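Only one structure is covered here, and it is reproduced in the block below.
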Amino acid sequence: MTLKLGRHHFPDDATIMMAIVNRTPDSFYDKGATWAEDKAFDRVAQVVDEGAEMVDIGGIKAAPGENISEDEEKRRVVDFVARVRSAYPSLVISVDTWRASVGRAVCQAGADVLNDAWGGADPELVDVAAAFGAAIICTHTGGATPRTRPYRVEYDDVVRSAIQDTVAYAYRAVAAGVDRRSVVIDPAHDFGKNTFHSLELTHRLGEMVDTGWPVLVSLSNKDFVGESLDLPVGSRLTGTLAATSVAALAGARIFRVHEVVETRQTVDMVNTIAGRRLPARAIRGLQ
Amino acid sequence: MPGVLALLPSYAGLSDPVLDLRLACLDAVSWLGSDVVVVGDPQGCRVGHSLLSAAGVSRRDFVPPQPPEGGSYLVVGNGSARRSEKAPGHLDERSFAFDDGLRAALASSDAGWSDFALGDDLLASLDGIRELLGLLPAGTPAQVDYDDDPFGVRYWVMRWEWS
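Chain order of the listed sequences is A and B.
With our numbering applied, the first sequence has no gaps in its numbers, which climb one by one up to 435 at the end.
With our numbering applied, the second sequence has no gaps in its numbers, which climb one by one up to 799 at the end.
What follows is the structure in structure tokens.
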């Protein structure tokens, strides 16, 4: 399905690299490397140079930690969004927030997408997306409270749960007035899930793709990769790219990533194998 | 023109490794007119048909030994495929003199050229060229539109006109 991400449109066969840009002092992967605004801006410049079509700017780490007020979250992301918007008019800007008030402020500053990583915790977020013509990412958390870790969570069928919740969220967004082309679903690996759940979602991602809603996957360096391979953060790229291959083959459209170049190559290679993308340049044996 | 499979739509990539050659071929086949007979081996004929279709030109298949009267011919063939270390057939130094000789014969419509056995060794595609040399009135000059070996294979796009 054609994607409309705020002011940007992408054709049916386009895949999108959504580069993670943290305006946090404590996110799990970069551990505050882009906490300073200029460092975060440098990170945007880097990922644009690497070919990312989209950035996902976040002001609060996903894991439990110090309480971050709405005002503090806005201080971290709103002016930064405006700065990125001004510098990169053709870049899709997503903001990772579950709060409607923050969503409203970043949309006013030029954001195109609200990435609701906590699965509709604030029911008014869809209204903000509708009011600003923004896209919304509908994630599955199994009902988890924002910034909590899973503890003895079980599902009868995690894939069915993910499909039911994200599709219901998608219809709720459309009912609120969000353009149908601007609704994306995300199984949300590791959110409200143990490693077995995330592996099952990866293995059966095609069932989510079959819903017809465009699928985003956020796999990058996550614990399900680390636990599968017994590797710490910092040593999970190969495992991340293997999971990325499986998701790409199943038909995922948007890839939320730390490593843009490696993920782009992986996704392009898989989609070329799948016949969804042409080789860049083929002459071997065809001279 | 050469029977380069990369000219076929089924082997297209995001960028075209034979763009200059393709443009020369399309320009030449567009010049041929509306009734074209394709001459070459079966693989080469596929390429010729494809380019004629791309140029919107109708065509007839050539059935030797009785060439149809009138119309134009699109001859598909090429020189040595052994012109460099990276060439499909690796390097064979005999390629250069062979291709020079074949080019001269084509440029001057010399029906006496007969190096077909060496051409087989050099992986040249000569079925169509053999027919061409029989068709051309002796001494008909060629217009050479393309003359290069970008992948270690000698390609020409040439035109002849006679009445």
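Beta carbons are placed, not taken as given, at the ideal position from N, Cα and C, and that holds for glycine.
Remember, it's a predicted structure, so these values are computed and weren't measured experimentally.
Annotation for Val225 (chain A): the continuous alpha helix (DSSP H) segment containing it runs 218 to 235. Straight through space, the alpha carbons of Asp671 (chain B) and Tyr709 (chain B) are spaced by roughly 9 angstroms. The beta carbons of Val654 (chain B) and Val640 (chain B) sit about 6 angstroms from each other, so the pair counts as a contact at 8 angstroms. Counted as a single uninterrupted DSSP element, the beta strand (DSSP E) harbouring Phe158 (chain A) occupies residues 156 to 158. Under the rule that a run must span 4 or more residues, the alpha helix (DSSP H) segments found entirely inside the stretch 345 to 397 of chain A read 353 to 357, 371 to 377. Secondary structure note for Met794 (chain B): its beta strand (DSSP E) is the uninterrupted segment 791 to 795. With contact defined as three or more Cβ pairs closer than 8 angstroms, the stretch 353 to 366 of chain A and the stretch 310 to 329 of chain A are in contact. Boundaries of the beta strand (DSSP E) around Asn263 (chain A): 261 to 264.
Nearest to Gly207 (chain A) by C-alpha distance, out of A:Asp197, A:Glu218, A:Gly325, is A:Glu218. Per DSSP, the continuous beta strand (DSSP E) segment holding Asn170 (chain A) begins and ends at 164 to 170.
Selection B:Asp735, B:Asp746, B:Ala740, B:Leu771 evaluated against Gly755 (chain B) yields B:Asp735 as nearest (Cα-Cα). Annotation: the continuous beta strand (DSSP E) that includes Thr287 (chain A) extends over 283 to 287. Met417 (chain A): member of the alpha helix (DSSP H) spanning 408 to 421, first to last residue. Pro159 (chain A) does not reach chain B, its nearest Cβ partner there being about 14 angstroms away, counting only Cβ pairs nearer than 9 angstroms. The Cβ atoms of Thr287 (chain A) and Asp227 (chain A) lie no closer than 8 angstroms to each other.
Residue burial annotation: Gly360 (chain A) is exposed, with fewer than 16 other C-beta atoms found within 10 angstroms of its C-beta.
Between the stretch 176 to 194 of chain A and the stretch 642 to 650 of chain B, the count of Cβ pairs shorter than 8 angstroms is below three; the stretches do not touch.
Under DSSP, Lys152 (chain A) forms a beta bridge with A:His157. Classified as buried, Gly684 (chain B) has 16 or more neighbouring CB atoms from the shown chains inside 10 Å of its CB. Using beta-carbon distances, Ala321 (chain A) does not count as an interface residue toward chain B, since no partner is under 8 angstroms.
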